[in-house]
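Enquirer: Could you have a look at this structure, given as structure tokens, before my questions?
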Amino acid sequence: MYTRHLCVSANEVIAEFSAENNGLSKMLGELAEACSDSGIEAVTVRNENGIRRYETGSFCGFACLDDGTLFEILPCADGETANTRKQLCADFCRRCGFTFRESEADDKNFMEYLISVFAGETMKIIKSGVLSAYTSREENLTSVQGTIMFAENIRRNLVHRERLYVRHDVFTPDRAENRIIKAAAAMLIKVTADAHSSHLLKEALSFLDEVRVPYDVSAEFGKCVNTRNTKKYSTILNICRMLLDRNEGTALTGKNILCSQFYRIV
């Protein structure tokens, strides 16, 4: 959960520092380094006559850092902050395929709006019924289910004759789409300060208790299938791609970045 919120506009000077040990300077420096490594033009730094100057670029979005700072960059505009933020929220909705409603973006920063959309769409899927699939499982049981793995059974159960090591198929919600959603929910619940979104994410994680958190989230996207039954996952998976898929190129990665989302407004 963030404890400090810094909101600036694109293409402007954020701050200038002369002291190298300034906490904010260090945080911005790490953010600028992550932007450079990821090729995202959100924050840059220049050194001139012993002064470090931090500037925003053409990318808008947010980064939530592990020091409790939420850094938000809004589009350039002459209007009020609320209007430029709604512009950013509307662009996010266009990208993920969600219908934007202005009233739902009131009194929320961009990160909290994104999380509220994610949490709401996740609960819609859970209430309508998450998809399950058959998967092969090997385990020790006290009765025969599926096929006995004789060599492994002898190795494991030479003393415990009451057990049988078998391979059988189980119908489980532990499939790629649900694993991706669980990974995103586990990340977002750590950064949100909104009580309602936090409650929905806790519910979702509790419901997905049988689902494993994937080791390589990017690889899981290749396992997703596009069928009539998975159509309801479209919006939520688009959000997850933006947050988790390295190939999407809209999220910053770095040891001090808990969650982020940046892109150009078109």
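Heads up, the sequence shown is in this note's numbering, so the first residue is 1012 and it goes up one at a time. Quick reminder that beta carbons are idealized off the backbone N, C-alpha and C, glycines included.
(1) Touching or not, the region 1071-1081 and the region 1032-1048, by the rule of three or more beta carbon pairs under 8 angstroms?
(2) State yes or no: is the C-beta of L1211 within less than 8 angstroms of the C-beta of A1116?
(3) Consult DSSP for F1028 and reduce its assignment to one of helix, strand or coil.
(4) State yes or no: is the C-beta of C1107 within less than 8 angstroms of the C-beta of V1202?
(5) If you compare alpha carbons, which of F1082, C1235, I1250 is closest to E1041?
(6) Between the region 1020-1028 and the region 1234-1250, can you find at least three pairs of beta-carbon atoms closer than 8 angstroms?
(7) Considering only residues of the same chain and omitting the five flanking positions on each side of T1153, which have a CB-CB separation below 8 angstroms?
(8) Within its chain, find whatever has a CB closer than 8 angstroms to the CB of N1168; leave out the 5 residues flanking it on each side and keep chain order.
(9) Nearest by alpha-carbon distance to V1054: which of A1045, I1200, I1062, G1061 is it?
(10) Which whole-angstrom value describes the C-beta separation of S1147 and R1178, a residue pair presumed to lie in contact below a C-beta threshold of 8 angstroms?
(11) Which residues does DSSP pair with V1228 in a beta bridge?
(12) How many whole angstroms separate the CB atoms of L1263 and S1049, which I take to be in contact at a CB cut-off of 8 angstroms?
(13) F1161 to F1109, Cα distance in whole Å?
(14) State the Cα-Cα distance for the pair I1250 and N1267, rounded to the nearest angstrom.
(15) For G1072, which residues does DSSP report across the bridge?
(16) Near R1257, which residues of its chain fall below 8 angstroms by C-beta distance, leaving aside the five closest residues on each side in sequence?
(17) Just to confirm my understanding: we take F1218, look at its own chain, exclude 5 residues before and 5 after, and list those with CB closer than 6 angstroms. What are they?
(18) Could you tell me which of C1235, R1252, I1126 sits nearest to H1207, measuring between CA atoms?
(19) Out of D1180, E1052, A1074, which has the shortest C-alpha to C-alpha gap to Y1013?
(20) Can you check whether the CB of Y1124 is closer than 8 angstroms to the CB of C1100?
(21) Would you mind sorting F1232 into buried or exposed? The rule is 16 or more other CB atoms within 10 Å of its CB.
(22) Fully enclosed by the region 1033-1063, which alpha helix (DSSP H) runs are 4 residues long or longer?
Expert: According to the data block:
(1) yes
(2) no
(3) strand
(4) no
(5) F1082
(6) no
(7) E1173, R1174, L1175
(8) N1151, R1174, L1175, Y1176
(9) A1045
(10) 6 angstroms
(11) Looking at the DSSP assignment, V1228 forms no beta bridge with any residue, so it has no partner.
(12) 5 angstroms
(13) 52 angstroms
(14) 22 angstroms
(15) I1084, F1273
(16) S1229, T1264
(17) I1137
(18) I1126
(19) A1074
(20) yes
(21) buried
(22) 1034-1049
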